[in-house]
Structure formats: structure tokens, C-alpha cells
Amino acid sequence: MEQSPTNHVDKLDSLEFFAPCPQGLSPLAAQEIRAMRIKVRPVKTGVGFFGSIADAYRVCLFARTVSRVLLILARFDASDGDALYRNASGIAWEEHVPHGATIAVSATGTNDKLRNTQFTALRLKDAICDRLREATGKRPDVSKHDADLTFTVAIRGNRATVSLNLAGPPLHQRNYRLHTTGVAAPLKETLATGMLLFADWPRLAKEGKAFLDPMCGSGTIAIEAAMIAADIAPGLLRTSWGFTAWRQHDALAWETLLDEARARRDAGLKTMPPIFAQDIDPVALDAARENVREAHLDGCITFACADVCAMQTAPATSGLIATNPPYGERLFAQAQLPALYAGFSSTLRKHFQTWSLAIITPDESIDNLIGLASSAACSVFNGPIPTQVRLYDCAQASTSTLATITIGDAELTVFDGNSQQFANRLKRRFAHLRKWARRNDIHCYRVYDADLPDYNVAIDLYECSMPIENAEEGSWFAVIYEYAAPGSVDPFRAQQRISDVLAIAPCVLGIESSHVFFKQRKRSGGQYQADEQRTRFTITTEEHGLRFVLNLSDYLDTGLFLDHRLVRKLIQKRTESMIADNPAFTESHPLRFLNLFCYTGSATVHAAAGGALKTTSVDLSQTYLACAQQNMRLNGFTGKTHRFERADCMQWIKEARRGKQRWDLIFVDPPAFSNSKKMGKRIFDIQRDHVELLVGVSRLLARGGQAIFSCNLRTFKADYEALEKLGVELIDITEQTIDEDFSRNQRIHHCFILNRIARND
Numbered sequence: 002m003e004q005s006p007t008n009h010v011d012k013l014d015s016l017e018f019f020a021p022c023p024q025g026l027s028p029l030a031a032q033e034i035r036a037m038r039i040k041v042r043p044v045k046t047g048v049g050f051f052g053s054i055a056d057a058y059r060v061c062l063f064a065r066t067v068s069r070v071l072l073i074l075a076r077f078d079a080s081d082g083d084a085l086y087r088n089a090s091g092i093a094w095e096e097h098v099p100h101g102a103t104i105a106v107s108a109t110g111t112n113d114k115l116r117n118t119q120f121t122a123l124r125l126k127d128a129i130c131d132r133l134r135e136a137t138g139k140r141p142d143v144s145k146h147d148a149d150l151t152f153t154v155a156i157r158g159n160r161a162t163v164s165l166n167l168a169g170p171p172l173h174q175r176n177y178r179l180h181t182t183g184v185a186a187p188l189k190e191t192l193a194t195g196m197l198l199f200a201d202w203p204r205l206a207k208e209g210k211a212f213l214d215p216m217c218g219s220g221t222i223a224i225e226a227a228m229i230a231a232d233i234a235p236g237l238l239r240t241s242w243g244f245t246a247w248r249q250h251d252a253l254a255w256e257t258l259l260d261e262a263r264a265r266r267d268a269g270l271k272t273m274p275p276i277f278a279q280d281i282d283p284v285a286l287d288a289a290r291e292n293v294r295e296a297h298l299d300g301c302i303t304f305a306c307a308d309v310c311a312m313q314t315a316p317a318t319s320g321l322i323a324t325n326p327p328y329g330e331r332l333f334a335q336a337q338l339p340a341l342y343a344g345f346s347s348t349l350r351k352h353f354q355t356w357s358l359a360i361i362t363p364d365e366s367i368d369n370l371i372g373l374a375s376s377a378a379c380s381v382f383n384g385p386i387p388t389q390v391r392l393y394d395c396a397q398a399s400t401s402t403l404a405t406i407t408i409g410d411a412e413l414t415v416f417d418g419n420s421q422q423f424a425n426r427l428k429r430r431f432a433h434l435r436k437w438a439r440r441n442d443i444h445c446y447r448v449y450d451a452d453l454p455d456y457n458v459a460i461d462l463y464e465c466s467m468p469i470e471n472a473e474e475g476s477w478f479a480v481i482y483e484y485a486a487p488g489s490v491d492p493f494r495a496q497q498r499i500s501d502v503l504a505i506a507p508c509v510l511g512i513e514s515s516h517v518f519f520k521q522r523k524r525s526g527g528q529y530q531a532d533e534q535r536t537r538f539t540i541t542t543e544e545h546g547l548r549f550v551l552n553l554s555d556y557l558d559t560g561l562f563l564d565h566r567l568v569r570k571l572i573q574k575r576t577e578s579m580i581a582d583n584p585a586f587t588e589s590h591p592l593r594f595l596n597l598f599c600y601t602g603s604a605t606v607h608a609a610a611g612g613a614l615k616t617t618s619v620d621l622s623q624t625y626l627a628c629a630q631q632n633m634r635l636n637g638f639t640g641k642t643h644r645f646e647r648a649d650c651m652q653w654i655k656e657a658r659r660g661k662q663r664w665d666l667i668f669v670d671p672p673a674f675s676n677s678k679k680m681g682k683r684i685f686d687i688q689r690d691h692v693e694l695l696v697g698v699s700r701l702l703a704r705g706g707q708a709i710f711s712c713n714l715r716t717f718k719a720d721y722e723a724l725e726k727l728g729v730e731l732i733d734i735t736e737q738t739i740d741e742d743f744s745r746n747q748r749i750h751h752c753f754i755l756n757r758i759a760r761n762d
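In C-alpha cells, the structure reads:
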């Protein structure tokens with residue numbers, strides 16, 4: 002026999018409620034509600050509690066971490082749609098829905114018969130409307146948006162729980178964050194508050210401690226910190242609630258709570274501790290200031306436009322730093338983060354040793370990046386991203402384990418005093434190479450290349466030739482590559498030195514820490530070394546009067562091999578001279594240029610700039626072919642005579658030979674090693690396969706044609722004897738292709754001119 006629905010609203014002083022909250026925050030939400038002297042039952046997805054309707058109103062108004070407050074109306078069997086409809090019809094909906102009110106219905110969960118939540122919601126809606134029509138003679142209007150009353154049905158197994166959403170719009174909507182235009186990835190208010198509660202900010206605020214968010218974005222964390230410190234109810238600014246049209250709404254109880262909230266706010270504002278917020282982005286700060294005004298907190302928060310990595314002092318003697326730094330999902334690129342955190346770490350060590358720190362992060366490795374061990378952690382979700390709130394005691398950064406170095410007139414706190422040598426060396430190289438680059442109109446160059454064994458990194462500089470978001474034309478960016486350390490090196494010491502490098506480099510080079518990208522070089526199975534990224538960061542730079550798009554984030558190489566600068570110039574000059582010396586090259590019979598393993602097509606762009614009207618660029622990666630096309634378009638080289646072909650170059654050469662295709666100038670720059678799945682079972686090894694490759698290339702040369710072969714395998718040794726027997730002449734021109742910024746590393750690449758001696762096919 003089917004059971005009738007269990008009615009949960011017979012006694013208005015002993016009702017059952019459920020308050021959902023963001024995953025991970027239920028213990029904090031339970032703590033909040035328990036402090037209101039309400040009996041709670043925390044579960045994974047929220048907090049259940051029993052009490053009066055006034056208790057529920059109090060939770061709606063004062064709870065900071067819950068998303069909604071649901072009044073449980075009934076539980077009953079819902080094994081299928083008919084059972085759901087029949088049992089839902091037994092609820093006295095006329096006691097909840099007044100005449101003229103609009104309703105909305107939503108559903109969650111499924112079972113064997115109720116597999117579609119839209120259908121489930123429809124069956125509940127039909128039950129409500131049919132019951133009301135029978136009881137009152139009229140059906141209520143249904144509104145998907147801005148309904149007066151919202152009912153929910155949750156299916157779990159064969160049971161249904163039907164509720165009234167007392168909150169209305171989600172409770173994280175406090176009605177102050179109206180200005181987020183141009184600000185990426187703002188944090189939800191409930192999560193911001195959860196972080197503050199986990200960091201014990203209410204106690205610190207009562208003690209008069211200061212608060213700082215050094216990467217405040219649109220100001221959510223700072224505003225929530227101010228509201229907690231001033232005892233301002235998070236719902237006080239809201240104008241829309243889910244209970245005001247409810248037939249059993251207790252208006253007097255609600256007004257009494259509002260009066261209490263206003264009195265507590267007025268008293269709390271008189272004892273506010275200092276609240277500080279800063280960001281490097283002026284657009285974000287403008288949004289934050291507007292949000293503060295909407296929150297009626299004018300004058301309560303002190304704002305500054307500043308780089309967290311360049312702070313010269315703490316705003317107060319002690320307090321809490323709480324921030325949601327970028328972590329490469331929607332803000333910044335992953336490769337930008339190490340430099341940001343290294344600079345942040347240096348700031349903490351120097352100025353904030355009496356402060357505590359709370360950070361939201363998806364990665365426990367942040368402990369290594371900032372040089373502190375977490376004292377506590379709480380797993381939460383920032384939207385769809387699994388993250389943690391991690392707490393730190395900045396006093397761990399004891400000055401006895403640190404050193405201070407000088408960079409010009411500035412002092413920098415670092416882990417290793419020997420980092421002064423690195424700073425000095427980088428400063429000298431930068432001063433020399435910057436002058437050289439300016440004299441030679443060079444906009445991208447290597448400024449440091451493992452000059453000191455303990456600081457085993459390479460640093461490349463790129464000038465942005467077109468304005469982008471948060472960077473003007475002429476801004477400089479740095480990419481720092483860490484070479485793999487020998488196994489004999491202590492990993493902890495190596496990590497500390499890298500942290501020092503990342504903090505020192507922006508200071509010496511005079512660039513923002515957010516303009517520094519950090520990458521680790523390692524052997525890769527693919528043609529190009531990919532770096533797992535979430536957020537792409539590109540700039541446009543210039544070389545020899547040509548423009549190129551660089552991807553600073555997605556791959557270890559940016560799209561322009563700097564050591565090939567003179568090789569590309571050689572290609573352009575050789576194209577020009579071949580056309581000038583051979584009157585047979587005309588518009589109808591143009592010079593033909595072939596770029597094998599073309600990567601992003603920079604050599605093709607130089608050849609086209611030299612006058613090559615017919616070019617072919619071949620690569621296995623569609624991504625890089627798209628980049629090559631983009632670079633060609635950027636420089637005005639378009640049309641059907643510029644071809645881009647996706648293929649395994651070794652196989653493509655064989656097919657081109659069979660088709661008797663010929664080119665006048667060929668550039669071939671293969672990887673040292675590749676076992677890409679796109680090549681099938683074949684593994685490419687340049688040392689083993691270079692004879693086969695170069696013989697094939699030679700057979701694609703037209704009469705009088707020439708090829709340029711480059712290789713980045715440091716230990717490469719050409720088999721001159723085997724090549725000569727097969728009619729290939731190889732002339733080493735490496736020394737001519739090493740520019741000043743790579744002069745300390747003569748083995749950065751090998752470069753050869755390739756001529757065909759005799760024709761054997």
C-alpha cells in the first residue's frame with residue numbers, strides 16, 4: 002500500500018530546512034548556523050537544521066556561506082511519474098501559493114523511471130497547478146524567470162523531497178558586485194567568505210588586525226572581509242527573496258531581523274579594522290571601487306594600484322593576507338605563475354613576517370613556489386575547478402634562513418646569498434646586450450644562458466610590437482627556461498635558487514613579474530615540446546622588419562627560435578640574391594621555396610620577404626601550420642601560391658620525388674628526435690636518419706638550387722663521406738649563423754649549406 006506524503010509544515014515552530022552550500026564549506030556553514038543557536042546536521046552538500054520560520058529567515062539574512070535555504074514541504078514515494086504526481090497532489094499547495102502568485106519548478110536527481118529532470122519538474126508543476134485549480138478554481142501562472150515562489154523536487158532512489166526555496170536568487174548574490182566588466186574570473190562571495198572564516202578572520206578582526214588582498218581583482222574578498230569585520234549581514238542589501246509572496250510569510254519576524262541587522266551594521270562600522278586591497282590592473286581596481294560603493298562601504302577599504310611583487314612595505318604591523326591569485330585556468334598562463342609567486346614570496350619574506358596568509362589554489366605545489374609550509378588546508382570548488390584554501394604562518398620565513406641582496410638602489414630578500422652573483426651577472430649581460438640589440442634593431446634576444454653553473458637557466462627577452470590587453474606596444478616579456486639539474490643537486494636548494502632567479506629577473510630587467518614566463522626543458526617525444534596549459538598568452542613581435550605571433554604559454558618554444566635569427570636573415574638574403582642573379586625568375590616563373598619541418602613558418606616569411614612568390618611549408622602539426630599561415634597573413638603574404646601541407650616530412654619527400662617536384666631554395670630544420678603517433682611506428686632520430694633525409698632533400702633541388710640544413714642536436718656529427726658518395730655536398734656555416742647573444746654557446750645549433758653534386762635519378 003502506497004504511503005501518503007509526509008507533511009513537514011504542520012508546526013511552524015519546528016520546521017525542517019536544508020541549506021545547500023559550495024562543496025567543502027559545509028563544516029563552516031554548520032558552524033555559522035550553530036552560532037545562531039540552531040540545531041544543525043551537516044552533510045557533504047550543505048546543512049540540515051530544524052527550527053522556526055524566523056530561524057530560517059535568520060539563516061537567509063546572516064549566513065555567509067550557504068547558497069539557498071530550502072523549507073522541506075514533504076517526502077514521499079516517486080518510483081515513477083505517476084507516483085510523483087499523485088503524492089505531490091496530496092500537498093496542500095493552497096496553503097503556500099496565494100492567488101496571483103507566479104511559480105517556478107526545478108528538479109534534481111534521477112531514478113530508473115524518472116530519468117529526465119525536465120520531465121520530473123513538469124510532473125510536479127502539473128500536480129501543483131491541478132491541486133490549486135481544484136482548491137481555488139484557478140491555476141497559477143508559471144514563470145521561468147523571477148517567479149514569486151520557487152519549488153524544487155530532489156529525486157534520490159525512489160523517494161522525492163519537495164521544498165520551497167526561501168532564498169529566491171542564490172544567496173551569494175549580495176547585490177553589491179554589479180561591476181565586473183573587464184575583470185576575469187571573479188570569486189563567488191560564498192567561497193570568499195569561506196576562505197575568511199577558515200582563516201579565522203572574525204577573531205583577527207575583533208583584535209583589530211589589518212586585512213590585505215594584494216591581488217584583489219573586483220574586490221570580492223576585501224568587501225566580504227569588511228562586511229565580516231563590521232558585522233554586516235550579507236543579505237542586508239538584497240531586495241528579492243523567495244518567501245515574501247509565500248502565504249505563510251511572517252512579515253513581522255522578517256522586519257525584526259532587518260532592524261537587528263541594521264543596528265549591528267551601524268555599531269560594527271564604528272570599530273572597523275584597517276582593510277587594504279590592491280591590484281596591478283587599474284580596470285580591476287575601478288570595478289572594485291564601484292563594488293565598494295554599491296556595498297555602502299565607502300572609506301572602509303583603502304585601494305592601491307600596485308604589483309604584489311614590488312611592494313616596499315606592509316600596510317600594518319600584523320594581520321591577514323587573503324587572496325585568490327591566478328592559477329592558469331582563466332587568468333594568466335601557467336608559465337607566468339612561478340615568477341609571480343616568486344616575487345610574492347620575496348615580498349612575504351621581507352615585509353610580512355608577522356602576518357598570516359590564506360590562498361585559494363588548485364595545486365599543493367604552491368607551498369614550494371612561495372617557500373612556506375601550509376599549516377591547514379580545506380578542499381573546495383571554485384566554480385568547476387577543484388581547489389584548496391591553504392593557510393600559512395608567514396613567521397616561518399625567518400630572517401635567519403634568508404639573505405638580502407641589492408639590485409641598484411633596491412633590496413631584495415632571497416633564499417641564497419649567492420644569488421647576488423646571479424643578479425650581478427644578469428645585470429652586466431643585460432647592459433651589454435641591450436645596447437647591442439638597439440644598435441642592430443633586434444627586438445628578441447637571449448640575455449642569459451646558464452652563465453653560472455648553479456643558476457642553470459636561459460632567459461629570452463621579447464618586445465611586444467602591437468598593444469595587447471594589459472601591455473602596451475614596446476612592452477618587454479621574458480621567458481625563463483630551467484635546464485634539468487643533475488641528480489647530484491639537492492632538489493630543495495635548486496628550487497630555492499629558481500625562486501631567487503624568478504624574483505631577481507624582473508627587477509634587473511625592469512619588467513613586470515606578470516610578464517615573466519617560466520618553463521622547464523626536458524626531452525620530449527613530440528616534434529616540439531608541449532607544456533600543459535590552460536590559458537593561452539600571445540604577443541606579436543618584430544624581426545628584420547617582419548612581424549610574428551609568439552605563443553608564450555602553450556609550448557616550451559615560443560614560435561621563434563632566437564638562435565636562428567641569422568639563419569632566417571640568410572634565407573631572405575639568399576632569396577634576394579638568387580632572384581637578382583637569375584633573370585629566369587619572373588612572376589610567371591617565380592623562385593620556389595620549400596620549408597620542411599616548417600614549425601611556425603618564420604623562415605617562409607623571410608623567404609617571401611626576399612621575393613619568393615611561390616612557397617611550400619610542410620609540417621606534421623596542424624596547429625603549427627595554422628600559426629605559419631597566420632604569420633604569412635600578418636606580413637601580407639597570401640594567395641594560392643603559398644601552400645601549407647600537413648605531412649610526415651620524410652614520407653612527403655619520397656612522394657615529392659616520385660612526383661618530380663623541384664624547388665630552388667630549401668630550408669630544412671628537423672627536430673633532433675620525434676616519435677609522434679602521427680608518424681605511425683616510425684621514430685625519427687636526426688643523427689641516425691640525416692643521410693636519408695639530406696639525400697632526399699638534395700633530389701628535390703632544381704638545377705642551380707641550394708638547401709640550408711640546420712640541426713639543434715648539440716652532439717650532431719655529419720656523415721660527410723656517406724653524403725658525398727650519394728652526391729651531396731655539405732658545407733658547415735655554423736660560425737656565420739651564431740649571433741652575439743649566443744656567442745657563449747657555439748653548439749646551440751649546427752648549420753650547413755647543401756649542394757647536389759651529381760644527379761642519380
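Okay, so the sequence shown: first residue is 2 according to the working numbering, each after it adds one.
Here a beta-carbon is modelled for each residue, glycine too, at the ideal position from N, C-alpha and C.
This structure is a prediction, so every number in the text was calculated from the model and none was measured.
Quiz item: Hey, would you say the C-beta of residue 69 is under 8 Å away from at least one heavy atom of the ligand NAP?
Solution: Because no ligand of any kind appears in the structure shown, any question about the ligand NAP cannot be addressed here.
Practice problem: Leaving out five residues on either side along the sequence, give the residues of the same chain with a beta carbon under 8 Å from the beta carbon of residue 530. | Solution: Working through the sequence shown from its first residue, we reach residue 530 at position 529. Bear in mind that the predicted position of residue 530 carries a pLDDT of just 47, short of 50, making it unreliable; the figure below should be weighed with that in mind. So the qualifying residues of the chain are 522, 523, 556, 557 and 558.
Quiz prompt | residue 677 versus residue 517 - alpha carbon distance | solution = Taking the sequence shown and counting its residues from 1, the one referred to as residue 677 is at position 676. Taking the sequence shown and counting its residues from 1, the one referred to as residue 517 is at position 516. Roughly 30 Å separates the two Cα atoms.
Exercise. Check residue 247 in the structure and name its three-state DSSP category.
Key: Looking up residue 247 in the sequence shown gives position 246. Residue 247: coil per DSSP, three-state reduction.
Exercise. Report the three-state DSSP secondary structure of residue 535 (helix, strand or coil).
Key: Translated into positions along the sequence shown, residue 535 becomes position 534. Since pLDDT at residue 535 reaches only 49, below the 50 mark, its modelled position is unreliable, and the value read off the structure follows with that caveat. Residue 535 falls in the coil class under three-state DSSP.
Quiz item: Should residue 753 be labelled buried (16 or more other beta-carbon atoms within 10 Å of its own) or exposed?
Solution: Residue numbering aside, residue 753 sits at position 752 when the sequence shown is read from its first letter. With 16 or more Cβ atoms within 10 Å of its Cβ, residue 753 is classed as buried.
Quiz item: So residue 276 packs on residue 212, CB below 8 Å; how close in whole Å?
Solution: Residue numbering aside, residue 276 sits at position 275 when the sequence shown is read from its first letter. Residue numbering aside, residue 212 sits at position 211 when the sequence shown is read from its first letter. Contact holds; Cβ gap of about 5 Å.
Quiz item: CB-CB under 7 Å to residue 374, same chain, minus the five flanking residues each way: which ones, in chain order?
Solution: Within the sequence shown, numbered from 1, the residue matching residue 374 stands at position 373. Result list for residue 374: 368 and 397, in chain order.
Quiz item: Per DSSP, what kind of secondary structure is residue 168 in: helix, strand or coil?
Solution: Within the sequence shown, numbered from 1, the residue matching residue 168 stands at position 167. Of the three classes helix, strand and coil, the one that applies to residue 168 here is coil, per DSSP.
Exercise. Kindly give me the distance between the Cβ atoms of residue 632 and residue 550, rounded to whole angstroms, as I take these residues to be in contact under 8 Å.
Key: Along the sequence shown, read from residue 1 onward, the residue named residue 632 stands at position 631. Along the sequence shown, read from residue 1 onward, the residue named residue 550 stands at position 549. Residue 632 to residue 550, Cβ: 6 Å. Contact.
Quiz prompt | Spatial distance of residue 702 from residue 429 (CA atoms) | solution = Numbered from its first residue, the sequence shown carries residue 702 at position 701. Numbered from its first residue, the sequence shown carries residue 429 at position 428. Roughly 46 Å separates the two Cα atoms.
Self-check item: Three-state secondary structure (DSSP) of residue 287
Solution: Here the question's residue 287 lines up with position 286 in the sequence shown. Of the three classes helix, strand and coil, the one that applies to residue 287 here is helix, per DSSP.
Quiz prompt | CB of residue 20 within 9 Å of CB of residue 52, strictly | solution = On the sequence shown, residue 20 is found 19 positions in, with the first residue counted as 1. On the sequence shown, residue 52 is found 51 positions in, with the first residue counted as 1. It is not a contact, given that the beta carbons lie outside the stated cut-off.
Self-check item: Run of the alpha helix (DSSP H) containing residue 191, from where it starts to where it stops
Solution: Residue numbering aside, residue 191 sits at position 190 when the sequence shown is read from its first letter. Segment 190-199, the alpha helix (DSSP H) holding residue 191.
Quiz item: Quick one: what's residue 706 bridged to in DSSP?
Solution: As a working mapping, residue 706 is identified with position 705 in the sequence shown. In DSSP, residue 706 forms no bridge with anything.
Quiz item: Do you know how far the Cα of residue 726 is from the Cα of residue 565?
Solution: In the sequence shown, counting from the first residue as 1, residue 565 sits at position 564. In the sequence shown, counting from the first residue as 1, residue 726 sits at position 725. Distance between the alpha carbons of residue 565 and residue 726: 29 Å.
Quiz item: Near residue 1, what residues of its chain come up, given a Cβ to Cβ distance below 6 Å and the 5 sequence neighbours on each side ignored?
Solution: Lying before the first or after the last residue shown, residue 1 is absent from the chain, which here runs from 2 to 762.
Practice problem: Would you kindly check if the distance between the Cβ of residue 462 and the Cβ of residue 447 is under 9 Å? | Solution: By one-based count along the sequence shown, residue 447 stands at place 446. By one-based count along the sequence shown, residue 462 stands at place 461. In contact: residue 447 and residue 462 (Cβ atoms closer than 9 Å).
Self-check item: Residue closest to residue 101, alpha-carbon to alpha-carbon, out of 458, 74 and 130
Solution: Within the sequence shown, residue 101 is the residue found at index 100, counting from 1. Of the listed residues, the one whose Cα sits closest to residue 101 is 130.
Quiz item: Hey, residue 292 and residue 372: beta-carbon distance below 9 Å or not?
Solution: Here the question's residue 292 lines up with position 291 in the sequence shown. Here the question's residue 372 lines up with position 371 in the sequence shown. No.
Practice problem: Reducing DSSP to helix, strand and coil, say where residue 729 ends up. | Solution: Position 728 of the sequence shown, counting from 1, holds the residue named residue 729. Strand at residue 729.
Practice problem: Taking all protein chains shown into account, decide if residue 59 is buried (16 or more other Cβ within 10 angstroms of its Cβ) or exposed. | Solution: In the sequence shown, counting from the first residue as 1, residue 59 sits at position 58. Its Cβ being crowded by 16 or more others within 10 Å, residue 59 is buried.
Quiz item: In angstroms, rounded to a whole number, what distance separates the CA positions of residue 743 and residue 640?
Solution: On the sequence shown, position 742 is the one that residue 743 refers to. On the sequence shown, position 639 is the one that residue 640 refers to. Computed Cα separation, rounded: 36 Å.
Exercise. Might you give, ordered along the chain, the residues of its own chain that have their beta carbon closer than 6 Å to the beta carbon of residue 596, omitting 5 neighbours on each side?
Key: Against the sequence shown, residue 596 aligns to sequence position 595. So the list reads 604, 605, 618 and 668, once near-sequence residues are dropped.
Quiz item: Which residue or residues does DSSP assign as beta-bridge partners of residue 160?
Solution: One-based indexing of the sequence shown puts residue 160 at position 159. DSSP, once it has assigned bridges, lists 78 and 157 as partnering residue 160.
Quiz item: From which residue to which residue does the beta strand (DSSP E) around residue 669 run?
Solution: The residue labelled residue 669 in the question sits at position 668 within the sequence shown. It spans 664-669 - the beta strand (DSSP E) in which residue 669 sits, taken as one unbroken run.
Quiz item: Count the other CB atoms within 10 Å of the CB of residue 502; is the residue buried (16 or more) or exposed (fewer)?
Solution: Position 501 of the sequence shown, counted from the start, is the residue given in the question as residue 502. So residue 502 counts as buried.
Exercise. Identify every residue that forms a DSSP beta bridge with residue 543.
Key: Position 542 of the sequence shown, counting from 1, holds the residue named residue 543. DSSP, once it has assigned bridges, lists 548 as partnering residue 543.
Quiz item: By Cβ distance below 8 Å, which residues in the same chain neighbour residue 420 in space, the five residues on each side in sequence not counted?
Solution: Residue numbering aside, residue 420 sits at position 419 when the sequence shown is read from its first letter. These residues qualify, in order along the chain: 404, 406, 456, 498, 501, 502 and 505.
Exercise. Compare the beta carbon distance of residue 62 and residue 259 with 9 Å and say whether it is the shorter of the two.
Key: Residue mapping note: residue 62 aligns to position 61 of the sequence shown, counting from 1. Residue mapping note: residue 259 aligns to position 258 of the sequence shown, counting from 1. The answer is yes: Cβ separation under 9 Å.
Practice problem: Using the Cα positions of residue 97 and residue 392, report the straight-line distance between them to the nearest angstrom. | Solution: Here residue 97 is taken as the residue at index 96 of the sequence shown, counted from 1. Here residue 392 is taken as the residue at index 391 of the sequence shown, counted from 1. Spanning the two alpha carbons is a distance of roughly 45 Å.
Quiz item: Based on Cα-Cα distance, which residue from 192, 161 and 255 lies nearest to residue 168?
Solution: By 1-based counting over the sequence shown, the position of residue 168 is 167. When only C-alpha atoms are compared, the closest one is 255.
Self-check item: Local conformation of residue 596 per DSSP, three classes
Solution: Residue 596 sits at position 595 when you count from the first residue of the sequence shown. In this structure, residue 596 counts as strand in the three-state DSSP scheme.
Quiz item: What do you get for residue 326, buried or exposed, if any count of 16 or more other CB atoms within 10 angstroms of its CB means buried?
Solution: Indexing the sequence shown from 1 puts residue 326 at position 325. Under this definition residue 326 is a buried residue.
Practice problem: In the DSSP assignment, find the alpha helix (DSSP H) that holds residue 341 and state where it starts and stops. | Solution: Along the sequence shown, one-based indexing puts residue 341 at 340. From DSSP, the alpha helix (DSSP H) with residue 341 extends over 338-352.
Self-check item: Length at least 3, wholly inside the segment 622-700: the beta strand (DSSP E) runs in chain order
Solution: 643-647 and 664-669
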